[in-house]
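2 protein chains.
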Amino acid sequence: MERIITIGREYGSGGREIGRRLAEKLQFAFFDHQIVTELAKRTAFAEEYILSIQEKRPYPVLPVPTVRWAPPSPTLDQQLEVFLKESEVIRDMADKAPCVIVGRCADYVLRHRNPFRLFFYADIADRMERCRERNEEQKSMNHDALRRIITQTDKSRSRYYEFLSGQKWGAKENYDLCINTSSADTEKLLQCVISLL
Amino acid sequence: MERIITIGREYGSGGREIGRRLAEKLQFAFFDHQIVTELAKRTAFAEEYILSIQEKRPYPVLPVPTVRWAPPSPTLDQQLEVFLKESEVIRDMADKAPCVIVGRCADYVLRHRNPFRLFFYADIADRMERCRERNEEQKSMNHDALRRIITQTDKSRSRYYEFLSGQKWGAKENYDLCINTSSADTEKLLQCVISLL
Chain A
1 MERIITIGRE
11 YGSGGREIGR
21 RLAEKLQFAF
31 FDHQIVTELA
41 KRTAFAEEYI
51 LSIQEKRPYP
61 VLPVPTVRWA
71 PPSPTLDQQL
81 EVFLKESEVI
91 RDMADKAPCV
101 IVGRCADYVL
111 RHRNPFRLFF
121 YADIADRMER
131 CRERNEEQKS
141 MNHDALRRII
151 TQTDKSRSRY
161 YEFLSGQKWG
171 AKENYDLCIN
181 TSSADTEKLL
191 QCVISLL
Chain B
1 MERIITIGRE
11 YGSGGREIGR
21 RLAEKLQFAF
31 FDHQIVTELA
41 KRTAFAEEYI
51 LSIQEKRPYP
61 VLPVPTVRWA
71 PPSPTLDQQL
81 EVFLKESEVI
91 RDMADKAPCV
101 IVGRCADYVL
111 RHRNPFRLFF
121 YADIADRMER
131 CRERNEEQKS
141 MNHDALRRII
151 TQTDKSRSRY
161 YEFLSGQKWG
171 AKENYDLCIN
181 TSSADTEKLL
191 QCVISLL
């Protein structure tokens, strides 16, 4: 059985929760926010700062095409440090025990260790419904505002993944199994994944 | 359990064979080439002609943008007749018994009957290897020639699907489960699918 399971997921698809239950069933470690906590310990940065960086891929401060030489940018250097250190944290965690890792481009970071790569997605209506069920703030949000949050979060994840891996986020060829969680029963879904490992 | 399972698949991914074994395990009818045979019976066309039409989406014979009025085209009419009749055959077959249907845009044709929609894909190297294992003619074919066959076949399937459905062939949002068959064990794969039904 694969020792490392990575999870990519659209916002509101329920992928994180399925990952947590999968880890529970398999008695694997479950890594999600712990990666950021560990990263904050190893760098001088606050967790909030790390999360804000991960929401956008690093851009040089100056418009590169118009200048032949760009002065060193402390912001860019910091951003790159976070990206590099995070890969190190992910590799260290994967070394310790069989695990399920959510997001953070782990499928690419650990590509030489043959992880089982899952991607969860769902119809937009189901994702909105799931968001409303699970998030107090989003419960009363109007349709357009909630949809904007979903689109923007996916865009951030996509940018981050594509910047680090050079691959397209959510493109099925980068995963072993892509599961549409719309109207799927979670228990059956877990059985489906476990039977493939 | 869903009574209708539809299978989309990249050429050389092994999707057809998995579909056949899935039907066997579930004791479902398995429809693949039978659809063409039945279609030939219901129309005046030979099976070879039907297959040749399905390899390309219907195009008007004249370049439409340059003329304001196109005379009736018997070829186009025949092509459209085949497309319409085929949908009818697929619906009739799905009415008769629980079934697995391979290709032919069945997921879209039967969309109002809530089919379970599978899509199989694989890395190009694995698809080439599978082609060589299963097809005497392709065994000794050189790399480029075999790759061309794979690409062209997928292109035909994609065009046919997109013409009929207006949807993108192989785009994960059109399926319930997308499975990468590269290095996957077929028996585990079948268990995975069955546990989701």
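Protein chains in written order, with this note's numbering: chain A, 1 to 197; chain B, 1 to 197. Think of the CB as a built atom: it goes at the ideal place given N, C-alpha and C, for glycine as much as any other residue. Fair warning: this is a prediction, and the values are worked out from it, not measured in the lab.
query: Beta-carbon neighbours of LEU196 of chain A, restricted to chain B and to distances below 9 angstroms; result: ILE179, ALA184, ASP185, LYS188, LEU189, GLN191 and CYS192
query: Buried versus exposed, by CB contacts within 10 Å (16 or more), SER52 of chain B; result: exposed
query: 7 angstroms Cβ cut-off: residues of chain B touching GLU24 of chain A; result: Within chain B, no residue comes near GLU24 of chain A; the closest Cβ sits about 18 angstroms away, beyond 7 angstroms.
query: Buried versus exposed, by CB contacts within 10 Å (16 or more), LEU84 of chain B; result: exposed
query: Coarse secondary structure for TYR121 of chain B, derived from DSSP in three states; result: strand
query: Supposed contact pair ARG21 of chain B and LEU190 of chain B - C-beta distance, whole angstroms, cut 8 angstroms; result: 6 angstroms
query: Limits of the alpha helix (DSSP H) - the one that LEU197 of chain A falls within; result: Taken as a continuous stretch (DSSP letters only), LEU197 of chain A belongs to no alpha helix (DSSP H), as it is neither H nor E.
query: Under the three-state DSSP convention, the category THR43 of chain B falls into; result: coil
query: Run of the beta strand (DSSP E) containing THR6 of chain B, from where it starts to where it stops; result: 4-9
query: Chain B residues whose Cβ lies nearer than 9 angstroms to that of TYR121 of chain A; result: LYS172 and GLU173
query: Near-chain B residues of the region 100-132 of chain A - C-beta to any C-beta below 7 angstroms; result: TYR121
query: Cutoff 8 angstroms: ASP176 of chain A Cβ touching any chain B Cβ; result: yes
query: The alpha helix (DSSP H) enclosing ALA145 of chain B, as first and last residue numbers; result: 143-165
query: Close Cβ partners of LYS25 of chain B (< 7 angstroms) along its chain, the five nearest in sequence each way excluded; result: LEU190 and ILE194
query: Closest residue to GLY103 of chain A among A:ARG113, A:ARG117 and A:ALA97 (Cα-Cα distance); result: A:ARG117
query: Meets three-Cβ-pair contact criterion under 8 angstroms: the region 181-190 of chain A and the region 37-44 of chain A; result: no
query: Integer-rounded CB distance, given that THR6 of chain B should sit under 8 angstroms from ASP107 of chain B; result: 4 angstroms
query: Proximity of GLY166 of chain B and PHE119 of chain B at Cβ, strictly below 8 angstroms; result: no
query: For ARG130 of chain A and GLU136 of chain A, the rounded distance between their alpha carbons; result: 11 angstroms
query: Cβ pair VAL100 of chain B, PHE163 of chain B closer than 8 angstroms; result: no
query: CB-CB length for ARG127 of chain B against GLU10 of chain B, believed under 8 angstroms; result: 7 angstroms
query: Contact set for LYS122 of chain A: own chain, Cβ-Cβ below 8 angstroms, skip 5 residues either direction; result: The displayed chain sequence assigns Ala, not Lys, to residue 122 of chain A. Contacts found: GLU10, GLY12, SER13, GLY14, ARG130, ASN180, THR181 and SER182.
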